[in-house]
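Here full-length UniProt numbering is used: position 462 in the sequence shown is 462, and no number is missing along the way.
To start, the structure under review is shown below, and the notes come after it.
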Amino acid sequence: MSPAYPADNYHDEILNSEVMSQAHPQSCPPNVPVEKNIYRRMIKRSVTLLSEIISSADKQIRPKREKQVLYPLSSTRKPETRTISQEHLVAKRKKRYGALIFLTGKRIEAEYASLLQNQSDVRTEKQEEKEAYHRAQLSKVAAGNHVPSSPCQHASPARPPLKNSRGGLRVIINLAKKTDIGYADSGSGKNIMSEAYALQKGLIIRKGRKNVRLFQLGNGKLISSVGRVRTYIKLTKSCRRPKKEWFHILANCPVPLILGMPFLKEAQVLTENRHLLESCPPEFGTTVSVFWIGTPQNRIKCNLDGRNMIAVADYGSDVNLMSLSYAKREGHHIDRRREVRTRLQFGDGSQADTVGQVIVSNLTLDWRRPATATLEEMYPDHSTAGAGQPGSSPSLDRQTAQDADATFSAVFDVLPSLPCDVLLGRDFLWATDAFNICPVLATPTGEEGCLYAECNFTRSLGYIDKFLRWIRDDLGQSGSELEDEKLHDEARHEKAYKLWKIDVELVRLSGQSKVKKEGERKKIVKDWQNRHGSCRFCVSP
């Protein structure tokens, strides 16, 4: 314990101090009481004792540190070092890990060999089943029996991931130095340009009444264009001179530039100059698209499982399509499972879902013999590279097309509002080289023998056109099946256009005027039903 100041000696100290002051007066400062000096000494002694207590307690709490022995520099011992070559280091590591690497390599080789063996067994079994199925079908064809639908339609596989294999053309717009990609679409009757792209290029959009046009999309919807522009366009990889072309402007076009069938025909892009096509950039998107804008003029005769029909050849469609009404009318089996349905994108950016799939086991065209090549032979790497990718799929040889050793099966997505019965997409058209094989698909407008030029000329005669149709019907002379189908579609589109205009006017009308317009609409619908009650294109036979 810390020593305390003795309280009993307090008076003794005072007395001693008084005695000392009397004996030595100079020891005490003047005018300072003796008692105040005593207090100062007591405080000083207390502070000293307190500091000693604190230092002793600190020594008890902290452990004692051993003193470090400092050796002189001369006595330190340096480690021994020696140089080693790279080869010696590699040899030592190989010796250490050689056994582990050897065992790991052997294990990987064994697993790879077993995997190859399993794949070859599965591939052999599938090939044998396919060959047996084809032989059975060919025997039925030789016997004159109807070929049944493919048995795999009840378990149709899911669609592989869509590759961005759309055919594009590198072009120069408005004599600019920078090149752009235009989407090649045989299903569009006109050249199309998005409004944002036109403003970016600084083009003047003509928005007058005669520059606005109504277009029909692949889902049956009618849209109106913003206007149109006229500008120079040139193919970069072609020696053709720049030419002025009209482009119709759409407000919400998914791609900036669409080159229609008239331009593709004139440049012979889908026939002699297929090498000009290249894959579109990722900015064009990978959504399954059907860029049907307008009324496609490209028709081709087909036979689907023994049923004759006329299909539309649309190079701008990513898939083959079939209308729901046609599938029901012809008795095709529709696979309605959710996993085989597809979301489609159309020319105005809108989207719609298909209701299922139809698998056709025997598809033949005009220029073919009773059977065609298999899907695997036409583009064997279809699941990985895509048959429609420009430059990746070989065209079908005539001898292969006429060979009767196999049949062709195709998948059709079923769309309820499709304006035509069947649409053949880009993969089929590219793999079969249909535009080269079928001359009617790629005949330039204005040449002799062109069916559509004759039809357009007759249609432009107005009342004379109606008179010629009346004479033809009166004499019992019907035109070709392609012409009849085209005239029927034009009449249907004209009716749809009239109804659309009436619906637009009904929104702003009221009272007696609205009732009158509704009567006109009912009359148009009734006249159509009366005239097409027994039409072979509208009603099931």
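Even for Gly, the Cβ is constructed at its ideal location relative to N, Cα and C.
The structure presented is a predicted model; accordingly, all values stated were derived computationally and were not measured.
(message) Can you tell me which residues form a DSSP beta bridge with residue 278?
(response) DSSP lists 168 as partners of residue 278.
(message) Quick check: what's the CA-CA separation for residue 216 versus residue 296?
(response) Take the alpha-carbon of residue 216 and the one of residue 296: they are about 10 Å apart.
(request) Thinking residue 365 and residue 265 are a contact (beta carbons under 8 Å), I'd like their distance in whole angstroms, please. (result) Separation of the CB atoms of residue 365 and residue 265 is rounded to 20 Å, and the pair is thereby denied contact status at 8 Å.
(request) Please name the residue, chosen from 198, 192, 227 and 328, that lies closest to residue 208 on a Cα-to-Cα basis. (result) Among 198, 192, 227 and 328, the Cα nearest to that of residue 208 belongs to 227.
(request) Pull up the distance between the alpha-carbon of residue 236 and that of residue 171, whole angstroms please. (result) If you take the alpha carbons of residue 236 and residue 171, they lie about 5 Å apart.
(request) Kindly indicate the opening and closing residues of the beta strand (DSSP E) around residue 411. (result) The continuous beta strand (DSSP E) containing residue 411 extends over residues 410-415.
(request) Please determine, among 489, 279, 337 and 250, the residue with the shortest C-alpha to C-alpha distance to residue 543. (result) Residue 543 lies beyond the stretch modelled for the chain, which goes from 1 to 541, so this question has no answer here.
(message) Please report the distance separating the alpha-carbon of residue 356 from that of residue 243.
(response) Approximately 44 Å, taken between the alpha carbons.
(message) Could you give the first and the last residue of the continuous alpha helix (DSSP H) run that contains residue 306?
(response) Secondary structure note for residue 306: it is in no alpha helix (DSSP H), with a DSSP letter that is neither H nor E.
(request) Report the partner residues of residue 232 according to the DSSP bridge assignment. (result) DSSP lists 244 as the beta-bridge partner residues of residue 232.
(request) Indicate whether residue 258 and residue 185 have their beta-carbon atoms separated by less than 8 Å. (result) Contact flag set, yes.
(request) Pull up the distance between the alpha-carbon of residue 288 and that of residue 350, whole angstroms please. (result) Per the coordinates, the alpha-carbon of residue 288 lies some 12 Å from the alpha-carbon of residue 350.
(message) Since residue 324 and residue 423 should fall inside the 8 Å C-beta cutoff, what is the C-beta to C-beta distance between them, to a whole number of angstroms?
(response) Incorrect: roughly 13 Å between the Cβ atoms, too far for contact.
(request) For residue 504, name the three-state secondary structure that DSSP assigns. (result) Secondary structure of residue 504 (DSSP, three-state): helix.
(request) Give me the Cα-Cα distance between residue 382 and residue 344, rounded to the nearest whole angstrom. (result) Note that residue 382 scores a pLDDT of 39, beneath 50, so its modelled location is shaky; the value from the coordinates is reported in the next line. When only Cα atoms are considered, residue 382 and residue 344 end up about 20 Å apart.
(message) Using only CA atoms, which one of 253, 346 and 336 lies nearest to residue 196?
(response) Residue 253 is the option with its Cα nearest to residue 196.
(message) Using only CA atoms, which one of 309, 511 and 246 lies nearest to residue 261?
(response) For residue 261, the nearest C-alpha among the options comes from 246.
(request) Name the two residues that bound the continuous beta strand (DSSP E) containing residue 346. (result) In the DSSP assignment, residue 346 falls within the unbroken beta strand (DSSP E) covering 343-346.
(request) Decide if residue 50 is buried, meaning its Cβ has at least 16 other Cβ atoms within 10 Å, or exposed. (result) So residue 50 ends up on the exposed side.
(message) Going by DSSP, what residue range makes up the beta strand (DSSP E) through residue 529?
(response) Counted as a single uninterrupted DSSP element, the stretch harbouring residue 529 is not any beta strand (DSSP E) but the alpha helix (DSSP H) occupying residues 512-531.
(message) What would DSSP say about residue 337, mapped onto helix, strand or coil?
(response) Note: residue 337 maps to coil in three-state DSSP.
(request) Over the uninterrupted beta strand (DSSP E) stretch that includes residue 429, give me the two end residues. (result) Per DSSP, residue 429 belongs to no beta strand (DSSP E); it is in the alpha helix (DSSP H), 426-432.
(message) Looking at residue 420: is its Cβ nearer than 8 Å to the Cβ of residue 312?
(response) When the beta-carbon positions are compared, residue 420 and residue 312 come within less than 8 Å of each other.
(message) If you reduce the DSSP assignment to three classes, tell me which class residue 364 lands in.
(response) DSSP places residue 364 in strand when its eight states are reduced to three.
(message) Taking 8 Å as the limit between beta carbons, can you name the residues of its chain near residue 352, skipping five residues before and five after?
(response) Same-chain partners within the cutoff: 219, 343, 344, 346, 415 and 417.
(message) Suppose you measure from the CA of residue 53 to the CA of residue 42; what does that come to, to the nearest Å?
(response) A direct Cα-to-Cα measurement between residue 53 and residue 42 gives close to 17 Å.
(message) Going by the DSSP bridge assignment, what does residue 358 pair with across the sheet?
(response) Under DSSP, residue 358 forms a beta bridge with 412.
(message) Pull the bridge partners of residue 322 from the DSSP assignment, please.
(response) For residue 322, which the question treats as bridged, DSSP gives the partners 414 and 422.
(request) Indicate the three-state DSSP secondary structure (helix, strand or coil) for residue 299 in the structure shown. (result) Residue state for residue 299 is assigned as strand, using DSSP reduced to three classes.
(message) Rounded to the nearest angstrom, what separates residue 250 and residue 505 at their Cα positions?
(response) When rounded, the distance between both Cα atoms is 22 Å.
(request) Taking only beta-carbon positions, decide if residue 43 is within less than 8 Å of chain B. (result) In summary, chain B is missing from the structure at hand, where a single protein chain is found.
(message) Suppose you measure from the CA of residue 501 to the CA of residue 210; what does that come to, to the nearest Å?
(response) A straight-line Cα-Cα distance of about 16 Å links residue 501 and residue 210.
(message) Taking the alpha carbon of residue 499 as the reference point, which residue from 46, 183, 187 and 214 has its own alpha carbon closest?
(response) Checking every option, the nearest Cα to that of residue 499 belongs to 214.
(request) Tell me where the beta strand (DSSP E) around residue 315 begins and ends. (result) Neither: residue 315 is in no beta strand (DSSP E) and is coded neither H nor E.
(request) Could you check what DSSP says for residue 205 in three-state terms: helix, strand or coil? (result) If DSSP states are grouped into helix, strand and coil, residue 205 belongs with coil.
(message) For residue 284 and residue 206, what's the separation of their Cα atoms in angstroms?
(response) Taken atom to atom, the span from the alpha-carbon of residue 284 to that of residue 206 is near 26 Å.
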